[in-house]
Amino acid sequence: MTGRRDLTVLVADLLRHPGSRRTEQIPVALPGLAISSALVPDDAPIAVDVVVESLSSSIVVAGTVTAPWTGACRRCLGVAEGVAVAEVREIFEGRPTDGETYPLAGDHIDLEPLVRDAVLLSLPLAPLCADDCRGPAPDALPVAIAADAPPAPDDPVPAPATDPRWSALDELRFE
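Residue numbers (the working numbering): 22 to 196.
Quick look at the structure:
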């Protein structure tokens with residue numbers, strides 16, 4: 022899938038015939054799609070599959086936007102990957118309402134802001150590498166020390182095993 026950068030769609034023919042519609046399937050690569058926990062690689066193909074329909078003085082765009090994403094697993098910090106699928110149904114108007122509709126610029130609509138919004142809102146806030154991910158070597162690095170009986174008052178408390186990936190935090194000192 023070779024991505025194109027331009028998401029401008031000519032809608033002059035639709036505006037002349039209210040109620041008419043057309044399918045648009047556009048592969049695109051958009052850089053800079055990221056939130057704190059996941060991102061869409063800059064060269065990743067984003068599939069825009071929408072139906073563009075005219076109303077009396079506006080355009081309705083409905084369909085799906087699909088994008089691959091990658092991030093760090095919230096449990097094991099390994100690589101988490103997936104596909105974000107966003108259902109869209111938005112209105113483009115000559116006089117857009119801020120935050121509610123998108124601008125209709127003459128005979129064209131620009132789908133890029135719609136695609137960016139849809140992808141960013143569909144990225145996971147807490148990605149997982151797998152549904153059954155138990156974290157970093159759960160047997161070797163337990164979250165809590167399990168004991169059958171409480172230790173005697175004079176027994177030293179054993180230090181829990183630490184994950185070597187977090188070793189940089191051992192150097193922090195709060196005074």
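Backbone N, C-alpha and C define an ideal beta-carbon position, used for all residues, glycine too. Fair warning: this is a prediction, and the values are worked out from it, not measured in the lab.
Query raised in the report: Just reading off the beta strand (DSSP E) that A93 is part of, what are its end residues?
Result: S79 to A93
Report task. Using only alpha-carbon positions, find the residue among P89, D131, E74 and A151 that is nearest to D27. Result -> D131
Query raised in the report: Between C94, L144 and P185, which lies nearest to D153 when the distance is taken from Cα to Cα?
Result: C94
Query raised in the report: Closest Cβ-Cβ distance between L51 and chain D: below 7 Å?
Result: Although the question refers to chain D, the structure presented lacks it and comprises just one protein chain.
Query raised in the report: What three-state label does DSSP hand L54 in the structure shown?
Result: strand
Requested in this report: Determine the burial state of G53: buried for a count of at least 16 other Cβ atoms within 10 Å of its Cβ, exposed for fewer.
Outcome: exposed
Query raised in the report: Roughly how many angstroms lie between the CA atoms of G84 and E192, to the nearest whole one?
Result: 51 Å
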